[in-house]
Structure formats: structure tokens, C-alpha cells
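In our numbering, the protein residues as written are 134 to 318.
Positions of the beta carbon are idealized from the N, C-alpha and C atoms, including for glycine.
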């Protein structure tokens, strides 16, 4: 039995409200991302649309802070050399994000389209082998289309490579069971 997890009416006020939350959002440029605040220093994500669609990462160290009640800033640097800064305004279902792609990712995005955790050496090697500057700066607003209460440190949230239609399956309640575990695993 599938359960409806999309809690678009959830109200955020504290950092604890934010941690353990699973989001799907679409940038104004059409790129679709899935992102999970695993705990107070780690994020997981899958990329469903855009230049690096198909990429997914777990256990990414990040700086996660609450700026004011209900507004959160998350920033990290990936092994690729890509820098990311996200401002979540979940009560308004909005995000403002800026991604700073090194030149090599812009020129060779296909290298990054994998489960990064199994290819850290390749990411670091590519970062050294190819040009990193000028960076491609992508500042965009995004609309949040899914808010799930997955709980902290749930390894079933981002647990497999993205597939066509995955965000729709998640929004429709077909991906996770009532305990927010992957239903088909």
C-alpha cells in the first residue's frame, strides 16, 4: 500500500523542522532536483533535469543554518569543484539557489552523471585535468513541488539512480511506503 507523503502544508520555524525533510523542486530554468536534509551537516540529492541530469550523491558534507525562523541556507563544495548555495523558504514553497560549475563540468557534464560516491577519484582527477575557470554561474529561483517528512539519517530517501518519471512517482506516493522506506526494495 502506498502512502501520501507530500506535506505541502508543513510549517517550518526551527532548524529541527527542516532537518530530515525531503524536497523536490524545479528551477525557473526547468531543471528538476530532489534534495534531502539528512542531518545537521549532511545532504543527499538526485538531479532529474538540466545539464547534469542523472547525477546523484549521498553523504555530501554541507553547512546548514537557519537564517531566521523558516528560512535556511545550505552551502557546500563538491569533489568536482562545483560550489552550491541554496536558500530554502519552504513556507513559501520557494528556493533561491546558485550553482557555480567549474568550466570542466560545463564542458564535460557527462563525467559527473553517475553516483558520485563511487567515483570520487574520477571527479578529483577531472578537476585537476581540465580547466576550472571561468565558472558557469547559475543563479535561479525554484518552486518546491514536494515536501516529505523522511526523518533524519534515512538511507532509503536517496537510495538509487534517478529514472524518468521518478519525481512524479514520489509525488504520487508510489515510491515510499508508510515508513518512508523505498517501497520496491
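Beta-carbon contacts of residue i that lie in its chain and below 7 Å, excluding the five residues immediately before and after
i           : result
residue 175 : 192, 193, 194, 195
residue 285 : 152, 153, 171, 172
residue 214 : 235, 260, 265
residue 280 : 139, 140, 141, 143, 154, 156, 223
residue 276 : 158, 159, 226, 227
residue 314 : 289
Where residue i falls, given that 16 or more other Cβ within 10 Å makes a residue buried
i           : result
residue 298 : exposed
residue 141 : exposed
residue 287 : buried
residue 146 : exposed
residue 266 : exposed
residue 223 : buried
residue 211 : buried
residue 300 : buried
residue 238 : buried
residue 295 : buried
residue 257 : exposed
residue 190 : buried
residue 136 : At residue 136, the pLDDT of 47 sits below 50, so the modelled position is not reliable and the matter cannot be decided from this model.
residue 197 : buried
residue 219 : buried
Residue from the options whose Cα sits closest to the Cα of residue i
i           : options            : result
residue 290 : 163, 170, 150      : 170
residue 269 : 308, 200, 165, 184 : 184
residue 250 : 202, 262, 293      : 293
residue 263 : 274, 283, 252, 242 : 242
residue 230 : 274, 188, 283, 149 : 274
residue 150 : 240, 282, 272, 253 : 282
residue 162 : 221, 272, 254      : 272
Chain-order list of residues whose beta-carbon lies under 6 Å from that of residue i (same chain, five-residue window excluded)
i           : result
residue 168 : 156, 178
residue 217 : 209, 232
residue 164 : 182, 183
residue 186 : 180
residue 199 : 148, 205
residue 202 : 146
Integer-rounded CB distance, given that residue j should sit under 8 Å from residue i
i           : j           : result
residue 304 : residue 278 : 7 Å
Residue-level contact to chain B via CB, residue i, 8 Å cutoff
i           : result
residue 183 : Included in the structure is just one protein chain, with no chain B present.
Own chain, CB closer than 8 Å to residue i, minus 5 neighbours either side, in chain order
i           : result
residue 134 : Its pLDDT being 34, under 50, residue 134 is placed unreliably in this model, and the value from its coordinates should be taken loosely. Excluding residues within five positions, the ones whose Cβ falls inside 8 Å are 310, 311.
Within 8 Å, do at least three Cβ pairs link the region 198 to 210 to the region 243 to 259?
The region 243 to 259, when compared against the region 198 to 210, does not touch it at the 8 Å Cβ threshold.
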